[in-house]
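Written below as structure tokens is the structure these notes are about.
Residue numbers (the numbering used here): 65 to 123.
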């Protein structure tokens with residue numbers, strides 16, 4: 065299997081998950097519940113770190 069297909073699939077899944085989580089987080093922040101904000105920010109940090117690790121393999 066070509067590794068670039070796996071990388072693109074992982075980035076796509078992470079983007080879809082981040083989008084849905086973002087909508088949910090905005091809804092909860094409006095309601096005053098902020099614990100998920102910190103969970104999403106942690107997830108974004110992990111996503112950026114993973115993307116930074118995988119980016120050299122994409123080109």
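Even for Gly, the Cβ is constructed at its ideal location relative to N, Cα and C. Model, not experiment: these values are computed from the prediction.
- Beta-carbon to beta-carbon, residue 111 and residue 78 are separated by about 5 Å, close enough to satisfy the 8 Å threshold.
- DSSP places residue 79 within a helical segment (H, G or I) once states are collapsed to three.
- A direct Cα-to-Cα measurement between residue 109 and residue 115 gives close to 10 Å.
- Counting C-beta atoms within 10 angstroms of its own C-beta, residue 89 has 16 or more neighbours from the protein chains shown and is therefore classed as buried.
- Separation of residue 68 and residue 103 (C-alpha to C-alpha, rounded to the nearest whole angstrom) is 28 Å.
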